[in-house]
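Start counting the sequence shown at 5; every next residue gets the next number (the working numbering).
Glycine included, each C-beta is placed from N, C-alpha and C at the ideal position.
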Amino acid sequence: MRDSRELASLEKLGFETFRDGNQVLILGDSLEILPRIETEFDASVTDPPYNISGYDNKKEIGWLKSNFYWQSEKKFTKIDEDWDKFSNGDYLEFTAKWLNSVCRLVRPNGNIMIFGTYHNIYKIGYTLEKLDRKIVNSIVWYKRNAFPNITQRMLCESTEYVIWAVNNNQKDAKNWTFNYDLLKEMNNGKQMRNVWDIPLTPPSEKKVGKHPSQKPMEVIERLVCGFTNEGDIILDPFAGSGTISIVCRKHNRLSLGIESNKAYFNLAKRRLEELDKTKYQLNLM
Ligand SMILES: C[S@@+](CC[C@H](N)C(=O)[O-])C[C@H]1O[C@@H](n2cnc3c(N)ncnc32)[C@H](O)[C@@H]1O
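Structure (structure tokens):
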């Protein structure tokens, strides 16, 4: 069990910080903040920008050619956020920078779980291989209720991926955390496979506010409970609406979430506060 006093140094880095018990959120750019941190983390679970939006609207063409019906009648929108716009070379450089920092901060043989889609997952895998990190598995999250493909020019993309890497080189990686029995229990007594059939984030998890790529608690619970232990400190450099912090709180892990967008930082804060209220109401604390 890590000592919650270890989190105190994170509050002194000079950035706007929110602390709720064992959960710390920092507002700011991970590329700037990570190199200043000295705390050792047991694992990192994170969901970086996917580079779906593209740069200079280069990825706008498919959207414009798409069926007008989906835009006007169905009100479908695509991810079009400034934090998700990179050119391909910039994205590789960005990935190398934050992953280098994560590898410095996570303890040897600690787990590193990274979300991605086909837009970025190969670049993340390539960067991990260049860093000579051990890749144990990849997990395929199947979203059975994924949005239809409005361009009608390709298959309907219904999956996201999680790369499970261990913070050591291929040869020496050992003793990584894998809670086999717990995952089996979470999978109704059957051995957990690497394809997870879990629907998109339900509206009940978006009552406090919305984030365009908020992950379902069920997916994050499998990652946090299956690949870390109670009392571990977990790092999420791209916190968004704070789903990883929320799950860490529910399952007795310590966490640091970093988020550069003030509105999403505030949303993550509100979600943690809301969780506290619910716990007080249910008399669980
Ligand atoms: C894919 S979303 C994470 C969503 C999160 N898993 C959730 O469930 O809400 C990525 C987040 O990273 C943030 N972000 C992008 N670049 C960042 C950076 N350099 N430092 C910190 N946060 C960043 C974005 O604002 C966005 O909220």
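Looking at P220, R226 and N198, the one whose alpha-carbon comes closest to that of E189 is R226.
Residues of the same chain with a CB within less than 8 Å of the CB of Q218, apart from the 5 flanking positions on each side, are T205, E209, K210, G244, S245 and T247 in chain order.
In terms of Cβ geometry, L29 and G213 do not form a close pair [threshold 7 Å].
Just measuring C-alpha positions, the residue of A12, S34 and L11 sitting nearest S264 is S34. In the DSSP annotation of this structure, the continuous segment of the beta strand (DSSP E) that includes E164 starts and ends at T163 to V170. Placement of the Cβ of Q27 at a distance of 6 Å or more from every heavy atom of ligand 1 is found. In terms of CA proximity to P52, K127 leads the group K127, R257, L279 and K138.
Distance from the CA atom of W180 to the CA atom of Q156, rounded to whole angstroms, is 43 Å.
In the structure shown, the three-state DSSP call for D33 is coil. In this chain, the alpha helix (DSSP H) harbouring G129 covers I125 to K134.
Under a 10 Å Cβ-count criterion, V251 is classified as buried, with 16 or more other Cβ atoms of the shown protein chains found around its own Cβ. Residue environment for E164: buried (at least 16 other C-beta atoms within 10 angstroms of its C-beta). Rounded to the nearest angstrom, the Cβ distance from L276 to R257 is 13 Å, too far for a contact under 8 Å. By the neighbour-count criterion, in which a residue is buried when 16 or more other Cβ atoms sit within 10 angstroms of its Cβ, T99 is buried. The alpha carbon of L17 has as its nearest neighbour, out of T43, D24 and G25, the alpha carbon of T43. In the DSSP assignment, V212 falls outside any beta strand (DSSP E), carrying neither H nor E. With a beta-carbon spacing of about 5 Å, T50 and D240 fall inside the 8 Å limit used to define contacts. In the DSSP assignment, Y184 falls within the alpha helix (DSSP H) that extends over Y184 to M190.
Separation of the CB atoms of I143 and W200 is rounded to 6 Å, and the pair is thereby assigned contact status at 8 Å.
Not one heavy atom of ligand 1 lies closer than 6 Å to the C-beta of Y95. Remark: C-beta atoms of E222 and I202 approach each other more closely than 7 Å. Distance from the C-beta of Y268 to the nearest heavy atom of ligand 1 is below 6 Å.
For the pair A177 and I154, the Cα-to-Cα distance works out to about 43 Å. Short note on L35: C-beta closer than 6 Å to some heavy atom of ligand 1.
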